[in-house]
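Heads up: the structure comes next, in structure tokens.
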Amino acid sequence: MKEHRYELSMTWTGNLGEGTGHYRAYSRNHEIESAGKPVIPGSSDPAFRGDASRYNPEELLVAALSTCHMLWYLHLCADSKIVVTAYSDTPVGFMAETPDGGGHFTKVVLRPRVTLKKGSDLEQARRLHERANRLCFIANSVNCPVHHEAQIQEEAP
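Numbering (this note's numbering), first residue to last: 8 to 164.
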């Protein structure tokens, strides 16, 4: 089996002078970096004292599922001679908190909007979403279901 390696650096930037002296004494802000790429400003969800202007881990997980699905879908369409001319998604993830303070995602719903070149096989394009879902590395790594509610249309004449 071929193995791929992904390295980055994550640095907490939220020491407000007291470190973690108490729960409200520190910011949840952090920065995610990888060589040669822009910094991703991170924090926790505002529900957990985070900064709403920064990405939180839950959003990044949903984004990873959405982009992995899209990349597989585009690949499968290209292999099937189905020409995609536009693709967007408005995914949503659902997370439940548990009584011990932890939590887990209960499901993620991808809602891709796909535009195909006129004359494309719409049914084959729909089926490729199911295959992309089965092949997505990220979807295969999470323990909640990942559904997709694709809308597919042909380009306007």
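For glycine and all other residues, C-beta sits at the position ideal for the given N, C-alpha and C.
Whole-angstrom distance between residue j and residue i, CA atom to CA atom
i           : j           : result
residue 133 : residue 72  : 18 Å
residue 49  : residue 153 : 24 Å
residue 139 : residue 77  : 8 Å
residue 145 : residue 75  : 7 Å
residue 24  : residue 109 : 27 Å
residue 106 : residue 55  : 15 Å
residue 151 : residue 113 : 5 Å
residue 149 : residue 117 : 14 Å
residue 79  : residue 97  : 17 Å
residue 10  : residue 142 : 16 Å
residue 94  : residue 59  : 27 Å
From the options, residue whose alpha carbon lies closest to that of residue i
i          : options          : result
residue 22 : 36, 89, 11       : 36
residue 92 : 9, 17, 20, 161   : 161
residue 65 : 96, 102, 137, 94 : 102
DSSP beta-bridge partners of residue i
i           : result
residue 112 : 102
residue 47  : 39
residue 130 : DSSP, once it has assigned bridges, lists no residue as partnering residue 130.
Buried versus exposed call for residue i [16 or more other C-beta atoms within 10 Å across all chains shown]
i           : result
residue 100 : buried
residue 136 : buried
Opening and closing residue of the alpha helix (DSSP H) in which residue i lies
i           : result
residue 148 : Residue 148 -> no alpha helix (DSSP H), and no H or E assigned at all.
residue 66  : 64-86
First through last residue of the beta strand (DSSP E) which encompasses residue i
i          : result
residue 93 : 91-96
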